[in-house]
Amino acid sequence: MPEKTFKLILGSQSPRRKELLAHLDIPFTIVTADLDEVSTHSLPDDVVRDLAIQKGQAVLTQCLKNDIVATPLVISSDTIVCLGDEIFNKPNDVDDARRILQTLSGKTHIVRTAVAYTCPDMEPYSFIVATEVTFDIIAPEILESYLKTGDSLDKAGAYGIQGPSLTFISSIKGSYSAVVGFPLSDVVTHLKKFIGDESKNWRERFIK
0 MPEKTFKLIL GSQSPRRKEL LAHLDIPFTI VTADLDEVST HSLPDDVVRD LAIQKGQAVL
60 TQCLKNDIVA TPLVISSDTI VCLGDEIFNK PNDVDDARRI LQTLSGKTHI VRTAVAYTCP
120 DMEPYSFIVA TEVTFDIIAP EILESYLKTG DSLDKAGAYG IQGPSLTFIS SIKGSYSAVV
180 GFPLSDVVTH LKKFIGDESK NWRERFIK
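Just so we're aligned: the sequence shown equals residues 0 to 207 in the working numbering.
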């Protein structure tokens with residue numbers, strides 16, 4: 000019996016996730032679905048996992064409507080920034096971004112990224128990668144300069160580690176790509192586990 004093949008679907012419009020997934024040298028298609036991104040959970044791990052799975056299920060439904068011939072395997076993810084049990088999502092506006100960054104200033108917080116794999120006739124599979132990020136005390140002029148870039152408005156925690164926020168990031172402990180929103184090494188490890196193929200030819204299970 001031939002091995003099952005998959006059509007890899009990235010359930011995200013994020014250019015950062017697209018760029019990172021492309022490093023795997025596997026053909027993939029981007030499919031997105033409208034989602035409110037609201038979780039009924041309260042604990043950070045439960046929230047981020049729930050949102051990643053919700054995205055995957057919504058995108059899979061969209062794929063099946065589009066009648067994709069091969070079996071779609073959706074990779075979806077969600078990232079949240081946490082200080083203790085307080086969760087910081089994308090800011091509502093510049094004032095909210097300022098409030099978030101002032102709260103995180105001079106402290107170590109946790110960036111949690113959950114990744115989910117969703118496929119027909121298979122139970123959703125998910126994992127979480129947590130990374131510590133430490134901010135310097137952000138001087139007012141540095142903060143205002145950063146806010147003017149607009150970089151804060153579309154990112155959890157009001158900053159992106161690969162952008163101008165580097166001016167106030169002191170250190171990270173853990174996965175850099177997880178803070179970007181897509182923990183690449185872990186994605187590979189868990190993807191091979193999900194499809195049940197640890198061989199050197201595992202990429203051949205994915206078709207255009």
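Heads up, the beta-carbon is just placed ideally off N, CA and C, and yes, glycines get one too.
If you're wondering where the values come from, they're calculated on a predicted model, not measured in any experiment.
Shown here, Cys62 sits in a helix according to DSSP, grouped into three states. Between the alpha carbons of Gln101 and Tyr145 lies a gap of roughly 12 Å. Judged by their CB atoms, Pro123 and Ala115 are nearer to each other than the 7 Å cut-off. Separation of His40 and Glu143 (C-alpha to C-alpha, rounded to the nearest whole angstrom) is 34 Å. Assigned with DSSP and collapsed to three states, His40 falls in coil, not helix or strand. CA-to-CA, the gap between Glu18 and Asn200 works out to about 22 Å. The Cβ-Cβ distance between Ile8 and Thr31 does not fall below 7 Å. Taking C-beta atoms as the reference points, Phe205 and Arg16 fail to come closer than 7 Å.
Our two residues, Asp84 and Lys106, have alpha carbons roughly 14 Å apart in a direct line. Taking C-beta atoms as the reference points, Phe126 and Leu72 fail to come closer than 7 Å. Exposed is the label assigned to Val37, since fewer than 16 other Cβ atoms lie within 10 Å of its Cβ. Contact between Phe134 and Phe167 is confirmed by a C-beta separation of about 6 Å, below the 8 Å threshold. For Val30, the secondary structure class from DSSP, reduced to helix, strand or coil, is coil.
The C-beta distance from Thr78 to Val110 rounds to 6 Å, short enough to fall under 8 Å. The shortest CA-to-CA distance from Ile137 to any of Ile160, Leu59, Ser164 is the one to Ser164. Contact between Leu20 and Ala57 is absent: CB atoms are separated by about 18 Å, not below the 8 Å threshold. At the C-beta level, Val179 and Gln161 come within 7 Å of one another.
In the three-state reduction of the DSSP assignment, His108 falls in the strand class, which pools E and B. Proximity to His22 across Asp120, Ser198, Ser176, Arg98 peaks at Ser176, based on C-alpha coordinates.
Sequence-distant partners of Lys172 (beyond 5 residues in either direction) whose C-beta falls short of 6 Å from its own C-beta, in its chain, are Glu131. Within the segment 112-185, complete alpha helix (DSSP H) segments of at least 4 residues are found at 139-148, 175-179, given in chain order.
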